[in-house]
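One structure is given below, encoded as structure tokens.
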Amino acid sequence: MASAATQELEGLKVGEKKPKIMGRVVLALGDITHHNINQLKEINQSVFPVSYNEKFYTDIVNAGELAKFAYFNDIVVGAVCCRYDKFEDAKSLYIMTLGTLAPYRGFGVGTMLLNHIFDICKKDPVIENVFLHVQINNETALDFYKKNGFEVREMVEKYYKRIEPDSAYLVVKKLK
417 MASAATQELE GLKVGEKKPK IMGRVVLALG DITHHNINQL KEINQSVFPV
467 SYNEKFYTDI VNAGELAKFA YFNDIVVGAV CCRYDKFEDA KSLYIMTLGT
517 LAPYRGFGVG TMLLNHIFDI CKKDPVIENV FLHVQINNET ALDFYKKNGF
567 EVREMVEKYY KRIEPDSAYL VVKKLK
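Yeah, the sequence shown ends on 592 if you go by the numbering used here, and it's all consecutive.
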């Protein structure tokens, strides 16, 4: 069953302006649990060109603060999923997914999710970097990350297996 956010997304045509928001907007973060994991699957299917396997979702349920939903007036409209990793031999945070349903972009949802990641990093002073891979044709995501202090480090050829283009940029924000 499609969520209210997905149903609203399906009613919006490509190129159509996002709806004007009348009244108060409340943005909030929420936990991802085994009870709502299907909402994450719907968000990911709507936002990303890749499919994630069941192990990904099983791990996310146990990720705690590293995986959060974004709510826009009580509707799930985005999510972030991270993991601890190493980058240049330093403890880092890797963003596996960070996405917002298209009609809700530009309202601060992605920024709220990214700020949550930065808050995690502030609590653990050993974390030196936040990094991720962005498909080379995803200019919207590249602009978003650059605006938030990330730099493109290199292009990784054949990063993706079943999508075109199959290359990705390695995008990094140094915290120290």
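Here a beta-carbon is modelled for each residue, glycine too, at the ideal position from N, C-alpha and C.
As the structure is a prediction and not an experimental result, all values here were calculated from the model.
Listed in chain order, the non-local C-beta contacts of PHE566 below 7 Å within the same chain comprise VAL587, VAL588, LYS589, local neighbours out to five positions each way being set aside.
Spanning the alpha carbons of ASN564 and LYS471 requires a straight line of approximately 30 Å. Restricted to the region 470-505, the alpha helix (DSSP H) segments that are unbroken, complete and at least 4 residues in length are 470-477, listed in chain order. In terms of Cβ geometry, GLY494 and TYR520 form a close pair [threshold 8 Å]. Rounded to the nearest angstrom, the gap between the Cα atoms of ASP540 and GLU570 is 27 Å. Spanning the alpha carbons of ASN489 and GLY526 requires a straight line of approximately 15 Å. For GLY439 and ASP582, the gap between their C-alpha atoms comes out near 42 Å. As the crow flies, the alpha-carbon of ASN554 is around 30 Å from that of HIS450. Note on VAL542: under 16 other CB atoms within 10 angstroms of its CB, so exposed under the neighbour-count rule. Straight-line spacing of the CA atoms in LEU558 and ASN454 works out to 27 Å.
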